[in-house]
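Enquirer:
Residue numbers (the working numbering): 10 to 156.
#1: Can you tell me the Cβ-Cβ gap for residue 13 and residue 89, rounded? I've got them flagged as a contact below 8 Å.
#2: So, does the CB of residue 58 fall closer than 7 Å to a CB anywhere in chain D?
#3: What residues in its chain sit with their C-beta under 6 Å from that of residue 126, if we drop five residues either side in the sequence?
#4: Ends of the beta strand (DSSP E) at residue 89?
#5: Quick check on the DSSP output: the alpha helix (DSSP H) that includes residue 125 runs from which residue to which?
#6: Would you mind reading off the limits of the beta strand (DSSP E) that contains residue 17?
#7: In this structure, how does DSSP classify residue 76 when only helix, strand and coil are distinguished?
#8: Please state if the CB of residue 60 and the CB of residue 51 are separated by a distance shorter than 7 Å.
#9: Report the residue from 25, 148, 19 whose alpha carbon sits nearest the alpha carbon of residue 33.
#10: DSSP beta-bridge partners for residue 29?
#11: Where does residue 47 sit, in a helix, a strand or coil, going by DSSP?
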């Protein structure tokens, strides 16, 4: 089984002219331009206070992830994309999309289904990890504290 599907390269190009993608690189520049554009549009249409309330925290969180988290995930070949994680993400997206499509005729709002889908996905991850720790507690805890 192939656990790592591919690597996203940390640098674009080769040699001394290679541009960094993560950290202070091209991805952060693209995120700053797109985020700044969305922020300016929202500030123009709804006011700067509403733009800061709606977009401020998400833009900063994603920017911080691009700046600090993605470079830390680099294993020397680039950022690995794992098969299980990608399939889990595709399954969550397909399930949420199908819930929206099937929920509209029943009168459910798409925003409500998206919010519920995010909650279910996150708590499913927490529950799966908790089950794993309980099932294999000997790998995580000292044998002296086991009941």
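Cβ atoms here follow ideal geometry from the backbone N, Cα and C, with glycine treated the same way. Remember, predicted model here, so these are calculated numbers, not experimental data.
Expert: Answer, in terms of the structure:
#1: 5 Å
#2: Note that chain D does not occur in the displayed structure, where there is just one protein chain.
#3: 105
#4: 88–91
#5: 119–144
#6: 13–17
#7: helix
#8: yes
#9: 19
#10: 20
#11: helix
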